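There are 2 protein chains.
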Amino acid sequence: MKSTGDPAPKLRLLRAAAALLAESDGASVSTRQITEAAKVTAPTLYHHFGDKEGLFDAVVAEGFAEYLAAERSIPASGQPIEDLRRHWDNHVQFGLDHPQLYLVMFGNIRPERRPSTVATAEAFLEEVLRRAAAASRLVVTPHEAARSILAANIGVTLMLISETAEKRSLELSVMTREAVLSAVATDSEADPVTDTEGTPAVVVAAIALNAALQSSHPDQLSGPELKLFLEWLHRISSRSGS
Amino acid sequence: MKSTGDPAPKLRLLRAAAALLAESDGASVSTRQITEAAKVTAPTLYHHFGDKEGLFDAVVAEGFAEYLAAERSIPASGQPIEDLRRHWDNHVQFGLDHPQLYLVMFGNIRPERRPSTVATAEAFLEEVLRRAAAASRLVVTPHEAARSILAANIGVTLMLISETAEKRSLELSVMTREAVLSAVATDSEADPVTDTEGTPAVVVAAIALNAALQSSHPDQLSGPELKLFLEWLHRISSRSGS
DNA sequence: TAGCACCTATAACGGCGCTATATGAAGTGG
DNA sequence: CCACTTCATATAGCGCCGTTATAGGTGCTA
Numbered sequence: 001m002k003s004t005g006d007p008a009p010k011l012r013l014l015r016a017a018a019a020l021l022a023e024s025d026g027a028s029v030s031t032r033q034i035t036e037a038a039k040v041t042a043p044t045l046y047h048h049f050g051d052k053e054g055l056f057d058a059v060v061a062e063g064f065a066e067y068l069a070a071e072r073s074i075p076a077s078g079q080p081i082e083d084l085r086r087h088w089d090n091h092v093q094f095g096l097d098h099p100q101l102y103l104v105m106f107g108n109i110r111p112e113r114r115p116s117t118v119a120t121a122e123a124f125l126e127e128v129l130r131r132a133a134a135a136s137r138l139v140v141t142p143h144e145a146a147r148s149i150l151a152a153n154i155g156v157t158l159m160l161i162s163e164t165a166e167k168r169s170l171e172l173s174v175m176t177r178e179a180v181l182s183a184v185a186t187d188s189e190a191d192p193v194t195d196t197e198g199t200p201a202v203v204v205a206a207i208a209l210n211a212a213l214q215s216s217h218p219d220q221l222s223g224p225e226l227k228l229f230l231e232w233l234h235r236i237s238s239r240s241g242s
Numbered sequence: 001m002k003s004t005g006d007p008a009p010k011l012r013l014l015r016a017a018a019a020l021l022a023e024s025d026g027a028s029v030s031t032r033q034i035t036e037a038a039k040v041t042a043p044t045l046y047h048h049f050g051d052k053e054g055l056f057d058a059v060v061a062e063g064f065a066e067y068l069a070a071e072r073s074i075p076a077s078g079q080p081i082e083d084l085r086r087h088w089d090n091h092v093q094f095g096l097d098h099p100q101l102y103l104v105m106f107g108n109i110r111p112e113r114r115p116s117t118v119a120t121a122e123a124f125l126e127e128v129l130r131r132a133a134a135a136s137r138l139v140v141t142p143h144e145a146a147r148s149i150l151a152a153n154i155g156v157t158l159m160l161i162s163e164t165a166e167k168r169s170l171e172l173s174v175m176t177r178e179a180v181l182s183a184v185a186t187d188s189e190a191d192p193v194t195d196t197e198g199t200p201a202v203v204v205a206a207i208a209l210n211a212a213l214q215s216s217h218p219d220q221l222s223g224p225e226l227k228l229f230l231e232w233l234h235r236i237s238s239r240s241g242s
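Structure (structure tokens):
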């Protein structure tokens, strides 16, 4: 066996491909760029990966492993719905951290290349949802819930990726997340305010109020008052500190 | 002027490109295939479209025009929410009818190529939502609602496209549609809090935020700030009856 | 008829994914 | 120490791709 671990060129190819993919803003990366960056000649690439697609499959597999590791690192707190929120946010964050990789993983979807990524993510999410179902929090089957949540999660992430970093606002994510979750599960008991430090209910309410104020300006507040009020509202809704 | 309408080669190129794109299951289409199918030589393509990308842009523009025409053909019934459902379903249907075109239009998203498609679709949807807002059915701004709905709509459509036709089930679409819609709008007048005139959404949101703030104080606002904020919040929610 | 846009074709360039073939390095049995 | 096998890397090149410099044809205007 090859117990003497020194697969330098293969690893260099993987790293080079991943780096070039991450840098190239959507443009395609050529095998010549990759082999040159890895200081290797063409046949080496094909010896190890068979194909350009094989190489990128390996890159995607690595990224997907990282994604799954992050997902698995989210512990099962006692509150399944809160767990779902964290998984959603983690998904979005991964997409924003590795946009190019994410596009290959979730945006490119060719009919049957899919299983390795979307299907696995779906299965994992379904597992989390089974815990929610066990806590009698689900209104639909875990399978259906997983598909709906994942679809919306991907849609939101793709939209956020396609926006420039400055215009990007996570309100879209929070809002859509709560929409899908509340349709799929009953959120805890009647008391909407959470007991954890995350306090998403406050954020959601603030966002809703802010949105409502956009379309109808109340006459109870003067102009300057309203301006300051909106600023504070935005401060509240833009992510609770630590 | 070119009043003698006979732009045969340009049209043939467009048609050939569209046909080949629709047939090719995700695989890339070469200019040589296209020019051969259009019975034209290479320079003709570049004379008319400048670029391979320019040609596909034209194809996408045609498909997008068809999409928008279908969207516009949906009349404004008296019920804005029902209209939104129809627009959602039309979006999904277009994606399933022209999967390859749809992937280019909504799945490929390179940072700045986007405007011509997603942004326009978003603007159109926002317009429909403005009608809902005028009927006091919206809980958030039309802009935010449009983004959320469109993101979920795209996510669902991409997921459906990536599935084989037999496993495909529209339950996913209906379920997610209702989830997003019910989070963004109040369906009909079932909600007793909403009276059709005035600005109830603001009041409702203000009350909700106030309730949430009672149990968890955010650290983004200082003590005095929070005090004033709450006072204003109270002023907004206690608006005297019309 | 000459000139002038416009449109199309011939032929080729450089870059791409990929590979037939050869060379080196490392371990094994005689 | 030497064949011999096995794996890993390199040389050189094939055919396809997107693209273009150049030239030829076509029909209108003067």
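If you read the sequences in order, they're chains U and G. Here the UniProt record's numbering is used: position 230 in the first sequence is 230, and no number is missing along the way. Here the UniProt record's numbering is used: position 120 in the second sequence is 120, and no number is missing along the way. Quick reminder that beta carbons are idealized off the backbone N, C-alpha and C, glycines included. Keep in mind it's a predicted model, so treat the numbers as computed, not measured.
Query	Result
Same chain, Cβ closer than 7 Å to G:PRO99, five either side skipped, listed in chain order	ILE161
Status (buried if at least 16 other CB within 10 Å, exposed otherwise) for G:LEU11	exposed
Through-space distance from U:ALA18 to U:SER24, alpha-carbon basis	10 Å
Where G:LEU138 sits in the DSSP three-state scheme	strand
Proximity test, Cβ basis, 8 Å: G:PRO224 and chain U	no
Exposure label - G:ALA65; buried when at least 16 CB within 10 Å	exposed
Minimum Cβ-Cβ distance from residue 243 of chain G to chain U less than 8 Å	The first residue shown for chain G is 1 and the last is 242, placing residue 243 of chain G beyond what the model contains.
Positions along the region 59-86 of chain U whose CB lies within less than 9 Å of some CB in chain G	none
Backbone CA spacing between G:PRO224 and G:GLU231 [nearest angstrom]	11 Å
Residues bridged to U:ALA185 (per DSSP)	U:LEU138
Same chain, Cβ closer than 8 Å to U:LEU21, neighbours up to 5 away in sequence not counted	VAL29, PHE56, VAL59, GLN100, LEU101 and VAL104
Unbroken alpha helix (DSSP H) run spanning U:ARG86, endpoints	80-97
DSSP three-state assignment for G:SER173, whether helix, strand or coil	helix
Rounded Cβ spacing between G:TYR67 and G:PHE49 (contact assumed at less than 8 Å)	Going by Cβ atoms, the distance from G:TYR67 to G:PHE49 rounds to 21 Å, so no, they are not a contact pair.
U:GLN33 versus U:ARG86 - alpha carbon distance	38 Å
Test: U:TRP232 CB closer than 8 Å to a CB of chain G	yes
Cβ-based burial, G:THR176 [other Cβ within 10 Å; buried from 16]	buried
Cβ-based burial, U:PHE63 [other Cβ within 10 Å; buried from 16]	Reading off the sequence, residue 63 of chain U comes out as Gly, not Phe. Buried, because 16 or more other Cβ atoms sit within 10 Å of the Cβ of U:GLY63.
Which listed residue (G:GLU144, G:GLU166 and G:GLU36) has its alpha carbon closest to that of U:VAL156	G:GLU144
Beta carbon proximity, U:THR176 to chain G, threshold 8 Å	yes
Beta-carbon proximity list for U:LEU96, same chain, < 7 Å, skipping 5 on both sides	LEU160 and ILE161
Closer than 8 Å to chain G by CB, U:VAL140	yes
U:SER222 versus G:LYS227 - alpha carbon distance	17 Å
Whole-angstrom distance between U:GLN220 and G:SER77, CA atom to CA atom	35 Å
Chain-ordered neighbours of U:ALA179 on chain G, where CB pairs are closer than 8 Å	SER148, ALA152, ALA179, VAL180, SER182, ALA183 and VAL184
Identity of the residue in U:SER116, U:LEU125 and U:ASN108 nearest U:ASN90 by Cα	U:LEU125
Of the listed residues U:VAL180, U:ARG147, U:GLU166 and U:ALA123, nearest to residue 243 of chain G (C-alpha basis)	Chain G is shown only over 1 to 242; residue 243 of chain G falls outside these bounds and no answer can be derived.
Bounding residues of the alpha helix (DSSP H) (the contiguous stretch that carries U:PRO43)	42-49
Supposed close pair G:ALA151, U:LEU45 - CB separation, criterion 8 Å	So it is not a contact: roughly 37 Å between Cβ atoms.
Environment of G:ALA123 [buried if 16+ CB atoms lie within 10 Å]	exposed
Spatial distance of G:ASN108 from G:HIS234 (CA atoms)	47 Å
Which listed residue (G:PHE229, G:ALA27 and G:ALA42) has its alpha carbon closest to that of G:ALA9	For clarity, residue 9 of chain G is Pro in the given sequence; the question names Ala instead. Ranking the options by Cα distance to G:PRO9, first place goes to G:ALA42.
Reduced DSSP category for G:GLN220 - H, G, I as helix; E, B as strand; rest coil	coil
Reduced DSSP category for G:GLY26 - H, G, I as helix; E, B as strand; rest coil	coil
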